[in-house]
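Read the structure below first, then the notes.
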Amino acid sequence: MDWFLECCCTSAEEVAAAQKLGAKRIELCSQLEVGGVTPSESLLREVHSIARIPVNVLIRPHRAPIGSSEFGFTAADFVYSPEEVDQILSDIRMCAPMVSGVVIGALTPTGSVDMPVMRRLIAEAHSLGLSVTFHRAFDVCADPLAAFDDILSLGCERLLTSGHEPKAEAGAPLLAQLVALAGPRLIVMPGSGIRPSNIYSLFEITHAREFHASFAYFSA
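Next comes the structure, spelled out in structure tokens:
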């Protein structure tokens with residue numbers, strides 16, 4: 000069975016090229032240098048007008064990074080104030096007519112999944128017919144297996160993760176474990192450092208069926 004490739008894009012030009020080159024789904028975001036933030040409404044509308052494959056959108060408030068790590072982000076970057084939660088909810092509603100799903104994640108100050116916040120966000124997304132991907136906030140959780148159980152219980156459709164390592168190759172053992180634990184309940188989608196040169200070996204090791212790569216995948 001072939002794998003399914005989601006391509007992370009930051010412009011309409013990348014979206015057009017990615018779908019032409021074989022991507023099966025787009026994750027749209029801006030400012031990848033800080034781990035990605037919510038794209039502008041104007042970019043969403045432009046992409047919506049040209050996309051011929053499903054588009055999921057990252058919903059993450061614009062703000063300066065808190066601290067630094069080898070991941071490019073820390074758990075504190077996903078701890079949201081009540082005002083930021085309201086902004087995420089508003090962005091979900093704004094994006095809904097133009098996308099198939101949202102990519103979200105919220106943590107507590109101690110590095111666990113913020114269950115009350117996530118329940119609100121997921122309920123809003125599902126009420127609008129959107130799928131939910133829990134993003135790589137998972138990779139900076141304090142306890143990945145406990146966080147995984149929480150994500151399963153929330154009813155997310157998908158988890159984007161590098162296996163609690165900066166790159167998916169290093170996280171392959173945990174990725175394989177998560178795929179096995181999830182079974183049909185949740186799609187575990189490896190991401191970070193996915194290239195044509197390693198995707199087949201990751202497919203064989205992890206048995207994942209979906210993979211997430213940056214647009215640079217197509218020029219690697």
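Per numbering that gives the first Met the number 0, the sequence shown starts with residue 0, numbered consecutively.
Just so it is clear, CB atoms sit at the ideal spot from N, CA and C, and this is done for glycine as well.
Quick check on residue 203: buried or exposed, where buried means 16 or more other Cβ atoms within 10 Å of its Cβ?
exposed
Could you name the residues of the same chain whose beta carbon sits closer than 6 Å to that of residue 224, not counting the 5 residues immediately before and after it, in chain order?
No answer is possible for residue 224: the residues shown for the chain start at 0 and end at 219.
Beta-bridge partners of residue 157, as assigned by DSSP:
132, 186
When you compare the CB positions of residue 100 and residue 127, do they come within less than 8 Å of one another, or not?
no
Within 8 Å, strictly: CB atoms of residue 177 and residue 187:
yes
Would you mind giving the Cβ-Cβ distance between residue 28 and residue 212, rounded to the nearest angstrom? I have them listed as a contact below 8 Å.
That pair is no contact at about 14 Å.
Going along the chain, which residues of its own chain have a beta-carbon closer than 6 Å to the beta-carbon of residue 133, five neighbours each way excluded?
104, 150, 155, 158
Is DSSP giving residue 213 helix, strand or coil here?
strand
On the three-pair Cβ rule with 8 Å, is the stretch 52-60 touching the stretch 71-91?
yes
So, are the CB atoms of residue 147 and residue 13 less than 8 Å apart?
no
With which residues is residue 100 paired in a DSSP beta bridge?
55, 130
Quick check: is the beta carbon of residue 54 nearer than 8 Å to any beta carbon in chain C?
The displayed structure is made up of one protein chain only, and chain C is not part of it.
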